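Asks: The number in the numbering used here is simply the position in the sequence shown, starting from 1, with 87 added.
Glycine is no exception: its CB is placed at the ideal position from the N, C-alpha and C atoms.
Here the structure is a predicted model, which is why all the values come from computation and not from measurement.
To start, I am sharing the structure in question, which I have written as structure tokens.
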Amino acid sequence: MSADWVVLFIGGPSSVGKTSAAKRIATISGATLLQADDVWLALKRAIDPKDSPLLHTLSTPDFWRRPAAELVTTKRELAELISSSLEFVVATHLWQDDRVVIEGVWITPEFAARPVYHGVSAGERRRAAFVIEVDASHIHQTMLAKRGAFGHWTDADRKVFAATEATYARWLRTQALMRN
Numbered sequence: 088m089s090a091d092w093v094v095l096f097i098g099g100p101s102s103v104g105k106t107s108a109a110k111r112i113a114t115i116s117g118a119t120l121l122q123a124d125d126v127w128l129a130l131k132r133a134i135d136p137k138d139s140p141l142l143h144t145l146s147t148p149d150f151w152r153r154p155a156a157e158l159v160t161t162k163r164e165l166a167e168l169i170s171s172s173l174e175f176v177v178a179t180h181l182w183q184d185d186r187v188v189i190e191g192v193w194i195t196p197e198f199a200a201r202p203v204y205h206g207v208s209a210g211e212r213r214r215a216a217f218v219i220e221v222d223a224s225h226i227h228q229t230m231l232a233k234r235g236a237f238g239h240w241t242d243a244d245r246k247v248f249a250a251t252e253a254t255y256a257r258w259l260r261t262q263a264l265m266r267n
């Protein structure tokens with residue numbers, strides 16, 4: 088990886104190793120680590136569900152029982168919302184020349200490939216990598232190993248989640264390839 092980056096995005100579906108990779112890269116490079124999930128949680132806390140139902144939709148009781156196509160569409164819309172909320176953060180790091188690794192399921196290829204963030208040119212100082220896993224059974228097995236995060240879920244919900252993430256990964260791969 089080139090040493091001239093300031094902002095590094097690491098995106099991909101859940102349970103594929105993004106966070107582990109991002110933590111290691113941040114440690115080795117001396118960069119700050121920002122997890123997009125933390126931003127999502129902060130936004131959920133700060134914005135009432137009435138004002139942004141999309142932001143809170145994954146927390147609704149029967150969310151994972153919706154049709155698969157609806158789940159993936161909602162996930163994509165939510166990713167676009169959360170990615171766009173990072174615009175000022177990215178611009179500030181680029182402007183201050185302050186290294187940051189931003190990782191998470193909410194990073195979209197479109198956002199990661201933008202040439203400008205809030206008026207600050209990214210140029211070659213922005214890099215992005217997407218970790219892709221399209222095998223739902225592999226994602227499901229990884230979820231089972233993460234008991235803390237998914238231990239309270241039913242196995243049926245974990246399987247739906249894994250299938251949704253695999254489909255989301257296919258979309259991410261297509262979008263990332265379109266943007267190099």
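1) Using only the alpha-carbon positions, how far apart do D138 and L128 sit?
2) Locate the alpha helix (DSSP H) running through F96, then write down its first and last residues.
3) Helix or strand or just coil, what does DSSP make of A200?
4) Would the region 158-165 and the region 242-254 be scored as touching if the rule is three or more Cβ pairs under 8 angstroms?
5) For a test of the three-state rule: what should DSSP assign to L173, helix, strand or coil?
6) What is the C-beta distance between A123 and W193, in whole angstroms, given that I count them as a contact (C-beta under 8 angstroms)?
7) Does DSSP put Q262 in a helix, in a strand, or in coil?
8) Once DSSP output is grouped into helix, strand and coil, what is the label at A109?
9) Within a Cβ cutoff of 7 angstroms, which residues of the same chain sit near A109, ignoring the five residues on either side of it in sequence?
10) Roughly how many angstroms lie between the CA atoms of A209 and I112, to the nearest whole one?
11) Within 10 angstroms of its Cβ, does H180 collect 16 or more other Cβ (buried), or is it exposed?
12) Apply the 10 Å Cβ neighbour rule to A76 and answer buried if 16 or more other Cβ atoms are within range, or exposed otherwise.
13) Considering just the uninterrupted stretch of the beta strand (DSSP E) at I219, what are its terminal residues?
14) I169: buried (16+ other C-beta within 10 angstroms of its C-beta) or exposed?
15) With a 10 Å radius around its C-beta and 16 neighbouring C-beta atoms as the bar for buried, classify S102 as buried or exposed.
Replies: Taking the definition as stated:
1) 15 angstroms
2) No alpha helix (DSSP H) contains F96, which is instead part of the beta strand (DSSP E) from 94-98.
3) coil
4) yes
5) coil
6) 4 angstroms
7) helix
8) helix
9) I97, L120, V188, E190
10) 20 angstroms
11) buried
12) Because the chain here runs from 88 to 267, residue 76 falls outside it and cannot be looked at.
13) No beta strand (DSSP E) holds I219; DSSP gives it neither H nor E.
14) buried
15) buried
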